[in-house]
Structure formats: structure tokens, C-alpha cells
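Start counting the sequence shown at 4; every next residue gets the next number (our numbering).
Every residue, glycine too, gets a C-beta built ideally from N, C-alpha and C.
Treat the numbers as computed from the prediction; the structure is a model and nothing was measured.
Below: the structure, in C-alpha cells.
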Amino acid sequence: MDLWQAIILGIVQGITEFLPISSSAHLILMPALTGWSDQGVGFDLSVHVGTLLAVIIYFRKDVAGLLIDGLKSIPAGQSVGQSKLSWSIVVATIPACIAGVLLLDYIDSALRAVGVIITTTVVFAVLLAAADRWGRGRRQLTDIGIVDAIIVGIAQALALIPGTSRSGATITAGLFLGLDRETASKFSFYMAIPITLAAASLKLLSIWNDGISVDWLGFAIGGVASFITAITAIHLFLKWLNQFGMWPYVIYRLVLAVVLYWMFF
């Protein structure tokens with residue numbers, strides 16, 4: 004992998020990981036559009052580490068509070084501070100972990116296709132538009148309960164299908180549950196931490212067990228590029244959220260689907 008390929012792929016991952024436009028679709032499509040060879044598991048690990056660090060650092064005060072309150076609630080045997088939200092995030096992570104263990108091999112072998120990406124890109128664009136128009140309400144983070152967490156967690160599991168978008172699916176589910184835009188988005192970002200940590204751990208285990216060689220220069224460059232662009236994307240997304248809503252991402256997804264159909268079919 005050359006220098007510019009690592010930089011560009013890192014930037015693409017960083018921008019798309021937390022926006023509702025599907026990072027997996029873009030990472031699959033980039034080699035198809037450019038003629039590059041697949042970037043490999045080692046590089047995928049590097050950009051996941053970059054985006055994981057970005058969301059942890061951006062929300063560092065929130066993450067620290069959630070972690071401390073969650074741990075305090077265990078010996079206390081009752082809710083402490085934000086522990087209800089902490090455990091809701093844990094519950095929301097379970098469906099995707101189960102689906103990943105049971106279905107990831109099938110998804111990687113059968114669903115990493117342009118036709119699948121086009122379909123999911125359109126379907127979840129329509130659902131995101133509907134949720135933003137008719138679903139959103141005034142519920143806050145303190146209103147999120149276990150049932151909400153399970154529903155949003157199932158949406159996160161569906162996002163294993165390329166083109167769906169993890170953030171897009173979880174924000175859509177949150178809006179349909181009556182969360183406001185900022186609440187749905189923040190809950191989606193918080194949920195990204197454990198699931199990205201799990202995904203990065205699995206990739207690291209795969210590299211270790213299979214003895215895969217890693218291009219450490221590409222690893223470092225990709226990780227740094229994804230970190231910088233991810234933390235910028237989170238900031239701008241939240242800054243412009245109430246001004247523009249979800250429609251820029253709905254339009255982008257629909258345009259992307261048309262372009263992909265024209266190019267490949």
C-alpha cells in the first residue's frame with residue numbers, strides 16, 4: 004500500500020464512520036473505483052483504532068462519567084448517576100455482537116456486492132428521511148430505557164450489511180423512538196465505542212492467529228488520517244445537526260446509489 008492510498012482510505016473511513024452514509028460501503032467501493040487491491044485486515048484495524056480514539060477523545064468527559072457511574076452501580080445494586088444510560092449502551096451492543104459471531108462470514112462472502120450496497124443505500128436513505136420528518140420527538144438521553152436500547156441495538160446489528168451505515172441505522176431507530184436529533188446522534192456515537200472496540204479486537208485476533216503481516220507505516224498513516232477526519236466529522240455533524248437535519252445525508256445516499264448503478268450496471 005502506497006502513502007497516498009493509506010491517506011485517502013484513512014480520510015474516507017474517518018469521514019464516513021460517524022456520518023449516516025456507511026463507511027463499510029465506501030471502503031469496499033474505493034478499491035473497485037480506483038483499481039487498488041483490497042487494503043487488508045491490518046489496515047482495517049488501523050482505521051478502526053483511529054475512529055475509536057476519535058470518539059473516545061471527543062466525548063471524553065461523557066465517556067468517563069458513564070464508565071464511572073456504570074461501575075459504581077454494580078456494588079450499589081441500584082442506579083447511580085448516568086448508570087442507566089451506561090447499561091443501555093451495553094445492552095444495545097449485544098445484538099450486533101451476536102449477529103457478528105453468527106453471520107459475519109456469510110455477510111463477508113455473500114453480501115459484499117455493489118448490488119447489495121445500492122439497495123441498502125436507497126432503503127436506508129428513505130428510512131432516515133422518514134424518521135427525520137415524522138419520527139423525531141423530544142426524548143432525551145435520560146429517557147432511554149432497556150427496550151429502546153434493544154431496538155436501537157437490533158438496528159446496529161442490521162448495519163453489518165454493507166451500505167446500511169451503523170450510525171445511519173441507529174440514528175434512524177432513535178428518531179423513530181421519539182428521540183430528538185442530538186440525543187439520537189449522541190446515543191449512536193456512544194454505542195460506537197464498545198462495538199468498534201469489539202470489531203478492532205476481532206481483527207487483531209485474526210491478525211495474530213493467521214500470522215498476517217502488517218504494513219506498519221500504512222497502519223500508522225491510516226490510523227492518524229482516520230482519527231483527524233473522524234474527530235472533525237463528529238464536531239461538524241453535531242454543529243450543523245439542527246440547522247440542516249438529516250437531509251444532506253439522505254440526498255448524498257440517493258445520489259451515490261444512482262452513480263453506482265450507472266457505473267456498474
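### Task
Work out the CA separation of A195 and R142 for me, nearest whole Å.
20 angstroms
### Query
From this set, S40, L32, G45, which residue's C-alpha is nearest W211's C-alpha?
G45
### Query
Could you give the distance in angstroms between the alpha-carbon of G94 and the alpha-carbon of L6?
The sequence given here places Val at residue 94; Gly does not occur at that position. Between V94 and L6, the C-alpha separation is close to 40 angstroms.
### Task
Identify, in the order they occur along the chain, each residue of the same chain with its Cβ nearer than 6 angstroms to the Cβ of G138, setting aside the five sequence neighbours on each side.
L178, F179
### Task
Give the range of the alpha helix (DSSP H) segment to which M249 is assigned.
Run containing M249: none; DSSP gives neither H nor E here.
### Query
Would you call the CB atoms of G17 and I157 closer than 8 angstroms?
no
### Query
Does the Cβ-Cβ distance between G221 and A9 come in under 8 angstroms?
yes
### Message
Here's a check: name, in chain order, each residue in its chain whose Cβ is nearer than 7 angstroms to the Cβ of D72, leaving out the five neighbours to either side.
### Response
V83, G84, Q85, S86, S89
### Message
Starting from D213, trace the alpha helix (DSSP H) in both directions and tell me its first and last residue.
### Response
184–213
### Query
With burial defined as no fewer than 16 other Cβ atoms inside 10 Å of the residue's Cβ, what is the status of Q81: buried or exposed?
exposed
### Query
Secondary structure at R115, three-state DSSP: helix, strand or coil?
coil
#### Entry: Contacting residues, own chain, Cβ-Cβ under 8 angstroms from D183 (five flanking each side not counted)
R139, G140, R141, R142, Q143
### Message
Quick check: what's the CA-CA separation for G53 versus I147?
### Response
28 angstroms
#### Entry: Through-space distance from P23 to F240, alpha-carbon basis
10 angstroms
### Message
To the nearest angstrom, how far is the alpha carbon of K189 from that of I92?
### Response
11 angstroms
### Task
State the start and end residues of the unbroken alpha helix (DSSP H) segment that holds W7.
6–20
### Query
Is there contact between the region 233–248 and the region 117–128, where contact requires at least three CB pairs shorter than 8 angstroms?
no
### Distance CB(G166)-CB(V119) smaller than 8 angstroms
yes
### Task
Taking R256 as the reference, give the member of L12, I11, A134, A28 with the closest Cα.
A28
### Query
From this set, V262, W265, F267, A223, which residue's C-alpha is nearest I14's C-alpha?
A223
#### Entry: For R139, three-class secondary structure by DSSP
coil
### Query
Whose C-alpha, out of A203, P78, V258, is nearest the C-alpha of S49?
A203
### Query
Tell me which same chain residues have a C-beta within less than 8 angstroms of the C-beta of L205, skipping the five on either side of it?
G103
#### Entry: Same chain only: Cβ atoms within 6 angstroms of V150, ignoring 5 sequence neighbours per side
none
### Task
Please say whether L163 and L208 have beta carbons closer to each other than 8 angstroms?
no
### Query
With respect to the alpha helix (DSSP H) encompassing S27, which residues constitute its N-terminal and C-terminal limits?
26–37
### Query
Is DSSP giving F268 helix, strand or coil here?
coil
### Message
Please tell me whether P98 and Q159 are closer than 8 angstroms, where the distance is taken between their beta carbons.
### Response
yes
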